[in-house]
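Numbering (the numbering used here), first residue to last: 2 to 192.
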Amino acid sequence: CNSCPPADRLLGELAHRDDVIALTFNVDYWDYLGWKDTLAQPANTQRQRHYAAAMRNRSVYTPQMVIGGRQHAVGSDVAAVSAAIEAEQRRTKDTPKLTLAHRNDRIQISLAATDREGINATIWLVRFDQRRDVPIERGENAGNKLSYHNVVRDVRPLGHWRGQALQMDLSRAELAEGGRDGCAIIVQTGP
2 CNSCPPADRL LGELAHRDDV IALTFNVDYW DYLGWKDTLA QPANTQRQRH YAAAMRNRSV
62 YTPQMVIGGR QHAVGSDVAA VSAAIEAEQR RTKDTPKLTL AHRNDRIQIS LAATDREGIN
122 ATIWLVRFDQ RRDVPIERGE NAGNKLSYHN VVRDVRPLGH WRGQALQMDL SRAELAEGGR
182 DGCAIIVQTG P
């Protein structure tokens with residue numbers, strides 16, 4: 002729809018920030034309208050539904066940005082997205098930091114221990130394409146070419162974190178499988 006291009010541009014700006022992990026999870030629930038999103042995955046739709054349930058929202062929508070897994074905003078609403086990012090950064094400033102170190106053909110991931118009780122999180126590897134330009138064939142944006150940034154192509158669990166100090170490593174080749182040119186490591190509670 003015509004609301005999506007401004008949201009895609011904002012996500013592109015966020016993708017260049019060092020203090021934000023901006024990812025695009027294309028969904029497939031609008032495909033029935035006549036143009037199938039070539040980047041959409043059913044797992045992304047399911048992820049959005051899980052977020053909606055966790056935030057006690059009755060429905061999902063696009064363009065939506067989920068910030069920190071706790072807040073959402075219309076993806077083109079710069080003020081709301083910025084406020085949510087700032088609030089999430091204040092909330093998480095004391096959380097254990099995830100660090101990455103490059104060692105030859107390996108990436109070492111380290112997560113510090115925390116004394117908080119009840120930690121039950123999954124460490125996820127998210128591999129993405131940094132930019133995908135897609136010609137839009139139907140709908141309100143027909144005839145345009147839209148640029149998507151940090152388009153998630155696959156997500157897989159690397160392990161669980163229960164608050165203990167943790168180290169693991171991955172090969173650079175594994176991170177680039179399938180021609181992906183970007184990756185993120187996310188520590189997340191819930192689905």
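Backbone N, C-alpha and C define an ideal beta-carbon position, used for all residues, glycine too.
So residue i is in the alpha helix (DSSP H); what residue range does that whole segment cover?
i, result
"residue 51", "43-55"
"residue 159", "Here residue 159 belongs to no alpha helix (DSSP H); instead the beta strand (DSSP E) covers 146-162."
"residue 90", "79-92"
"residue 15", "5-16"
Have a look at residue i and residue j and give me their C-alpha separation to the nearest angstrom.
i, j, result
"residue 155", "residue 10", "22 Å"
"residue 188", "residue 140", "37 Å"
"residue 33", "residue 93", "39 Å"
"residue 116", "residue 106", "33 Å"
"residue 2", "residue 14", "20 Å"
"residue 83", "residue 98", "22 Å"
"residue 31", "residue 7", "18 Å"
"residue 46", "residue 104", "36 Å"
"residue 134", "residue 5", "14 Å"
"residue 85", "residue 75", "11 Å"
"residue 20", "residue 121", "24 Å"
"residue 66", "residue 165", "31 Å"
"residue 153", "residue 91", "26 Å"
"residue 123", "residue 138", "38 Å"
Looking at the strands, I want to know which residues DSSP matches up with residue i.
i, result
"residue 183", "129"
"residue 104", "107"
"residue 170", "109"
"residue 1", "Coverage of the chain is limited to positions 2 through 192, which leaves residue 1 absent and any answer about it impossible."
"residue 134", "148"
"residue 99", "112"
Identify the continuous beta strand (DSSP E) that holds residue i and give its terminal residues.
i, result
"residue 75", "72-75"
"residue 176", "Segment 173-176 is the alpha helix (DSSP H) holding residue 176; no beta strand (DSSP E) there."
"residue 65", "65-68"
Does the region 53-64 come close enough to the region 174-184 to have 3 or more Cβ pairs within less than 8 Å?
-> no
contact_flag[the region 157-168, the region 109-116] where n(CB pairs < 8 Å) is 3 or more | yes
Could you tell me whether the region 56-68 touches the region 162-172, where touching means 3 or more Cβ pairs closer than 8 Å?
-> The region 56-68 vs the region 162-172: no contact.
Inter-stretch contact at 8 Å, needing at least 3 Cβ pairs: the region 74-90 / the region 134-154 = no
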